[in-house]
Amino acid sequence: MTTVAETETTVTGRDRTLLLAALGVPLGTLAFLGDELPDAVGRIVLTLTSNGFAWGTAALVAGYLVRRARRAPVVATVLLLVATTVYYGLILVVSRRWSGGTLDDGSSADALGLQSIARAAGFWSLLSVGAGLMFGSLGHLVRNGPRQRSSAAAGLAFGMLAAEGLYQLSHDYYWPVTDDFVRAIVVSNAVTVVLSLVVTVVLLASRRGRGSWWAYLGSAVVAGGSGAVLWSLVDAVRGTGFFV
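Quick look at the structure:
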């Protein structure tokens, strides 16, 4: 027979799951606002809400907070899928940046714009599934895994969160910093790397039992290099113009 205490625990767990998944709504909304806001304000919002670090952190923390191992990656994935749906839904309905264009013959380019939005939404939905499953599992492992595996998972999470920033900072054309626009890009990417370190160190230090900082460091170095390479592939696909 189920006791009252067990029932309350179950309800609390379900409520937490729904709440974490629902956080995809503000995440997607803020990412959309970052595209629309001008100049430095938009850059700051984008840095905090519309990049691999921001979305990966949301999935990682979701996985960390969910107690059941099988549920953690699912909740993290749903969160990212909700955020992706909200983001592209707002583009579709509010900004409508896919509409208003014309082809060389003077006809409307709206159909092509909608196709571009659909391709982009599908592409980032696939990435959301992969990232959600990975970061959700890592978050749960950081909190609940054995000492060495937990520490290595935290290092891997750092490398994946910081990967986009590390990749961007490796571009030769950003150095030396020549103007305010380039400076904003360099600073924003450097901030994501630092915040990736802070997030993963705090999560590892907050778990029950001590972590292995050597395991964390070794995993972080390997993952950071590998993640930067992966982001170069994502950027190459994004740069083809097939996706927006």
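When the letters of the sequence shown are read in order and numbered with the working numbering, they come out as residues 5 to 248.
In this text, a Cβ means the ideal position worked out from N, Cα and C, and glycines have one as well.
Predicted model, so just to flag it, every value in this text is computed and none were measured.
{"Item": "May I ask which residues mark the beginning and end of the alpha helix (DSSP H) holding T182?", "Value": "T182 -> no alpha helix (DSSP H), and no H or E assigned at all."}
{"Item": "For R153, which three-state DSSP category applies?", "Value": "helix"}
{"Item": "Please name the residue, chosen from V78, S129 and A63, that lies closest to Y92 on a Cα-to-Cα basis.", "Value": "S129"}
{"Item": "Three Cβ pairs or more, each shorter than 8 Å: is that satisfied between the segment 83–92 and the segment 147–159?", "Value": "no"}
{"Item": "With distances taken Cα to Cα, identify the nearest neighbour of T204 among V191, S192 and A219.", "Value": "A219"}
{"Item": "I need the straight-line Cα distance from L131 to L199, nearest angstrom please.", "Value": "22 Å"}
{"Item": "Can you tell me whether G252 is helix, strand or coil according to DSSP?", "Value": "Residue 252 lies beyond the range of the chain shown here (5 to 248); nothing can be said about it."}
{"Item": "Among the candidates G117, L142, G32 and L31, whose CA atom is the shortest distance from the CA of L69?", "Value": "L142"}
{"Item": "Going by DSSP, what residue range makes up the alpha helix (DSSP H) through A115?", "Value": "D114 to N148"}
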